[in-house]
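I have placed the structure first, in the form of structure tokens, so that the comments after it can refer back to it.
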Amino acid sequence: MNKYLKLLAVGTFIAGLFFGSLSPVSATPQFSFAGYHANVSNRGVRANIDYINPNVPTGQSLEWVMADDGGYGKWAQIGWIKRYNDPAPIYFGEIGCGANVCRRTAEQVPYNTTHLYQVNLNSTNEYWVWRIDGEVRGTSPVGDVGLTQTARASYEGETTDTMAQLGGTFNSPLRIWVTSYSTAPGVWYQVNPVNFMRTTTSGTCYRATSGFTGGSGGYSFVDNWTVTPPQC
Amino acid sequence: MKRISWILAGLAMFVLFVLGAFFGHLLPQRLQGVAAGPPEPPQSGKTVDPVLLHARLGLLFVPTGSTVEPPITKDQAIAKALQVSPGLATATSASYQLGYLSDPGAIIESQNGETVDPSVANPVLVWVIIFDGIHNVSSGPPELAQHGVSNETNVSINANTGDYIGEFIYR
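Taken in order, these protein sequences are the chains called W and L.
Counted the way my numbering counts, the first sequence spans residues 7 to 238.
Counted the way my numbering counts, the second sequence spans residues 21 to 191.
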């Protein structure tokens, strides 16, 4: 074989080797949300969130409740998160801290369990307190969060991967229910469904559908996010 | 005839390129597989920034002196962290620090009679394993124009019991 042809063959193989060893570059994630929010002044939010272990090929999927300033970058939230390399959802609490991520996580959510996720100001207005089923799991000073009273209560699902499952199925919907907010220490109200506004971000394939069942005054809130949507 | 030779040569080059890409794709996996047990990232000298950690998440971290030898070794702590979160094996580097981690707000809540998770009710001697090169994206409200990012994940492991406590991300 021609000497130059041999060299070319070796070079081609090495070029292929190099190309194959490159890590795929992850695309800028698209943030898709589905759920409901209410513009109510509050000092805390809470709701029950049912269990689901969604398929998350890339990025992350989450379900959470959040007290925030209406979208200006300050928030306190709690729920579960499943990143693409997590075997199952884990508990998380997060606050807004500008260009960085300020998050704490704990253990995996036990299989097939529903939990009451709550984040609220403590009675002396010094800390935002994260609770799961009433137990304190962490706190963050008010100065770190940058909020006391907040303008909005949100109950949502979120994913950075539109191929990922966000919630349950039609027959077995993910539920965020008994959606509540606090106005004073120890005082909680369920959100009046009349005050709920649907969150549907542009580009998302997910649509929240709601039903309001049972509960005192019919304020219990059931939600359902579609799965495997990809074609919007 | 010459044209056919050129086509065959081109095809051969293409096959060689594809073969190279295939083996190149396998290479990192084979390198990882050589290590026994969960692969540990190379070590870096990074340490916890206690001031920033307190300013961002309200957690207090007080490093211990090097003379403290807890029942759980740092290797056991790293292995536990990787067992709970296998994805952390993709970190570009890791470092570790021994110290007392506490949540002052939770301690106050506990003193006020609230039910508090034992792992945050008192200062706990922990190994903090700092995994670098782990890409994290913030959650937050839908209107957020720019989501926060972080390339570090800290895992705390109880240095007395080996229990997994959780992760914290703050910078």
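Ideal Cβ positions, reconstructed from N, Cα and C, are used throughout, including at glycine.
Enclosing alpha helix (DSSP H) for residue i [first to last residue]
i      : result
D95/L  : K94 to V104
G125/L : P124 to Q131
P116/W : Run containing P116/W: none; DSSP gives neither H nor E here.
V151/W : V148 to V151
Start and end residues, beta strand (DSSP E) containing residue i
i      : result
L164/L : No beta strand (DSSP E) holds L164/L; DSSP gives it neither H nor E.
V144/L : V144 to V157
S186/W : I182 to A190
A44/W  : S38 to A44
G85/W  : W81 to R89
L127/W : H121 to L127
Q196/W : V193 to Q196
Own chain, CB closer than 8 Å to residue i, minus 5 neighbours either side, in chain order
i      : result
L153/W : A73, D74, D75, K80, W81, A82 and W134
N118/W : Y57
P162/L : none
V129/L : Here residue 129/L is Glu; the residue named in the question, Val, does not match the sequence. Once the five neighbours on either side are set aside, the close Cβ partners of E129/L are V136.
G160/L : H167 and G168
I96/W  : W86, I87, K88, T111, A112, E113, Q114 and V115
Secondary structure of residue i, DSSP reduced to three states
i      : result
T111/W : strand
T64/W  : coil
S25/L  : helix
V68/L  : coil
P48/L  : At P48/L, the pLDDT of 42 sits below 50, so the modelled position is not reliable and the matter cannot be decided from this model.
D137/L : coil
F202/W : coil
A105/W : coil
L80/L  : strand
Y78/W  : coil
A157/W : coil
V16/W  : helix
V175/L : strand
Y57/W  : coil
K9/W   : helix
G182/L : coil
G107/L : helix
G140/W : coil
V38/L  : helix
E187/L : strand
G30/L  : helix
A2/W   : The structure shown does not extend to residue 2/W, since chain W is modelled only from 7 to 238, so the question has no answer here.
V233/W : Interpretation of V233/W is limited by its pLDDT of 47, a score under 50 that renders its predicted location unreliable; no figure is taken from the coordinates.
Same chain only: Cβ atoms within 7 Å of residue i, ignoring 5 sequence neighbours per side
i      : result
G125/L : G78
H74/L  : L80
V104/L : Y184
F34/L  : none
P62/L  : S113
Same chain only: Cβ atoms within 6 Å of residue i, ignoring 5 sequence neighbours per side
i      : result
I92/L  : A179 and G182
V151/W : A82, I101 and W134
G168/L : S158
S146/W : I101 and W134
V148/L : V68, Q117, N174 and S176
W136/W : I84, G99, V125, R143 and G144
H121/W : I138 and D139
N190/L : The residue you asked about is not Asn; residue 190/L is Tyr in the sequence shown. Excluding positions up to five away in sequence, the list reads L73, R76 and L77.
V4/W   : The shown model of chain W, from 7 to 238, leaves out residue 4/W, and the question about it has no answer.
Neighbour flag for residue i against chain C, beta carbons, 7 Å
i      : result
I189/L : In the displayed structure, chain C is absent; the protein chains listed are W and L.
Practice task
Check each residue of the segment 110-128 of chain L: if its Cβ is closer than 7 Å to any Cβ of chain W, include it; give the result in chain order.
Solution key: Taking 7 Å as the cut-off between beta carbons, the residues of the segment 110-128 of chain L near chain W are D123, G125 and A126, in sequence order.
Exercise for the section: Report the residues of the segment 157-182 of chain L with a CB closer than 8 Å to any CB of chain W, ordered along the chain. Expected result: V157, S158, S159, G160, P161, P162, E163, L164, Q166, H167, G168, V169 and S170
Handout entry: Residues of the segment 74-99 of chain L with Cβ closer than 7 Å to any Cβ of chain W, in chain order
Key = A75, R76, L77 and G78
Handout entry: Residues within the segment 127-158 of chain L neighbouring chain W, beta-carbon criterion of under 7 Å
Key = Contacts with chain W (Cβ-Cβ distance below 7 Å) from the segment 127-158 of chain L involve E129, E134, T135, V136, D137, V140, N156, V157 and S158, listed in chain order.
Handout entry: Members of the segment 59-73 of chain W that neighbour chain L once the beta carbon cut-off is set at 8 Å
Key = Per Cβ criterion, the list reads G65, Q66, L68, W70 and M72.
Problem - Residues within the segment 135-147 of chain W neighbouring chain L, beta-carbon criterion of under 8 Å - result: So the list reads V135, G140, E141, V142, R143, G144, T145, S146 and P147, given in the order they occur along the chain.
Exercise for the section: Using a Cβ-Cβ cut-off of less than 8 Å, list which residues of the segment 36-62 of chain W approach chain L; keep chain order. Expected result: F37 and F39
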